[in-house]
Structures are given as structure tokens and as C-alpha cells.
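J.: Let me give you the structure first, and then I'll get to my questions.
In UniProt numbering, the protein residues as written are 1 to 76.
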């Protein structure tokens, strides 16, 4: 979520690289976030190869901002 908050969208390979996750682990986490309504996942093809892109939804932005605020309150 913290990667997506500052981007319009991100490719699966970018997220995998930045989070240092396995493809399977990242897929499970993205699926959970999509089911919660926090992200939108689009599957397409680029040069006949699968391409998965993710973007944060308005609901996801709100949830992330609330999470950050809760962390700030906890630390204070």
C-alpha cells in the first residue's frame, strides 16, 4: 500500500522487486487487498506476455491514511 499510495499504478514485477517478495506471496497479499476494496488489479498483455498492474482505490487511500494516523497516535 505504501508503494501504491504515491503512484497512479504499478506493475506486478515492480512491486515484487521493491517488496522483495516471492511471486506467490505477493499474489496472495494483492488478492486480499483487492477483495477488501483497497486496490484494483488489471490483467492484460504486453507483447503477448501477461501484464498485471495494480492501483490504489479511494477506499484504499482512506484506509491507508487512517492506518498512518493510528500509528502516529500510538507513537505519541
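Just so it is clear, CB atoms sit at the ideal spot from N, CA and C, and this is done for glycine as well.
If you pair each beta-carbon of the stretch 4 to 18 with each one of the stretch 55 to 75, do three or more pairs fall below 8 Å?
T.: Yes, the stretch 4 to 18 touches the stretch 55 to 75.
J.: For the alpha helix (DSSP H) containing residue 27, list its first residue and its last residue.
T.: The sequence position of residue 27 within the chain shown is 27, counting from 1. Start and end: 23 to 35.
J.: State the CB to CB distance for the pair residue 81 and residue 51, rounded to an integer number of angstroms; the pair is presumed to be in contact (CB under 8 Å).
T.: Since the first residue of the chain shown is 1 and the last is 76, residue 81 is not available in this structure.
J.: Give the C-beta separation of residue 16 and residue 23 to the nearest angstrom, bearing in mind that I take them to be a contact with Cβ-Cβ under 8 Å.
T.: Translated into the one-based positions of the chain shown, residue 16 becomes position 16. Translated into the one-based positions of the chain shown, residue 23 becomes position 23. Rounded, the Cβ-Cβ distance is 6 Å, consistent with contact.
J.: Taking the alpha helix (DSSP H) that residue 13 belongs to, which residues open and close that run?
T.: Taking the first residue of the chain shown as 1, we reach residue 13 at position 13. Residues 12 to 19.
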